[in-house]
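Please read the structure below before turning to the comments.
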Amino acid sequence: MSFSRWWTETTAALGDRVPLPLVALLLVLAAVLVAVGWYTFPAWVPRRLPRLRRRRRKTAPPDAPPPVVPAPREPELPAAAYVSLADRFAAEGRYAEAVRERLRAMVRELAARRVVQPQPGMTVAELVRAATDTRPQVGPPLGAAGAIFSELWYGQRPASVEHDHRMREHAADLDRLLTGRPEDGPRP
0 MSFSRWWTET TAALGDRVPL PLVALLLVLA AVLVAVGWYT FPAWVPRRLP
50 RLRRRRRKTA PPDAPPPVVP APREPELPAA AYVSLADRFA AEGRYAEAVR
100 ERLRAMVREL AARRVVQPQP GMTVAELVRA ATDTRPQVGP PLGAAGAIFS
150 ELWYGQRPAS VEHDHRMREH AADLDRLLTG RPEDGPRP
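When we follow numbering that gives the first Met the number 0, the leftmost residue of the sequence shown carries the number 0, and every step to the right adds one.
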């Protein structure tokens, strides 16, 4: 007996005992349950198996201070290292990377002058707000530089030499504001 004949006879025998709309409803219900289980898969799987015996943990005496684990930190480079890298990227035509490194140099300069204390995961907007809370005059060049960076990196726009040129201007303005030097003259 072939498979197709067996299938036909089996479904005909089932159809004689169970009405077709009920079979269709049960199949739809089963499909919905499988779909919900598939969609929420990690949530209904236990994270670890239950233990039958609990182990006692060794605890430190109540008067002992908790152990201090230092967080790994990146080596702090001077702002000039970031500027040098940005110049190299710009010379290679990698303007988006040059803009990123120029912003890093600006942030490093702000941190060196104790205007801001950058934290891991800090966004450009949070950085600008923290800097303007300490020194309001740095807001315009830093905000404009942050807008260029966000447009290129988050907006995924193509970078050009104009973006790098504007970032150089904003970095020079920020440096002038931080050091207190007067402006050299009108810009073209």
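All C-beta atoms in this analysis are idealised placements derived from N, C-alpha and C, irrespective of residue type, glycine included.
Query	Result
Please state whether DSSP places M105 in a helix, a strand or coil.	helix
Give the single residue among R128, H169, V160, A171 whose Cα lies nearest to the Cα of R206.	Because the chain is modelled from 0 through 187, residue 206 falls outside the range shown and cannot be assessed.
With the cut-off set at 7 Å, would you say H164 and A144 are in Cβ contact?	no
Anyone know if the C-beta pair for L102 and V137 falls short of 7 Å?	no
Excluding five sequence neighbours on each side, which residues of the same chain lie with their C-beta closer than 7 Å to the C-beta of V115?	L109, L126, A129, A130, T133
For Y38, verify whether its CB is less than 6 Å away from any heavy atom of the ligand GTP.	This structure simply doesn't include the ligand GTP, nor any ligand for that matter.
Report all residues from its chain with a CB closer than 7 Å to the CB of R156; omit the five preceding and five following residues, and keep chain order.	E150
Grouping DSSP H, G and I as helix and E and B as strand, with all else coil, what is Y153?	coil
With a threshold of 8 Å on Cβ separation, who are the neighbours of V31 within its own chain once the five nearest residues in sequence on each side are excluded?	none
Could you check what DSSP says for E91 in three-state terms: helix, strand or coil?	coil
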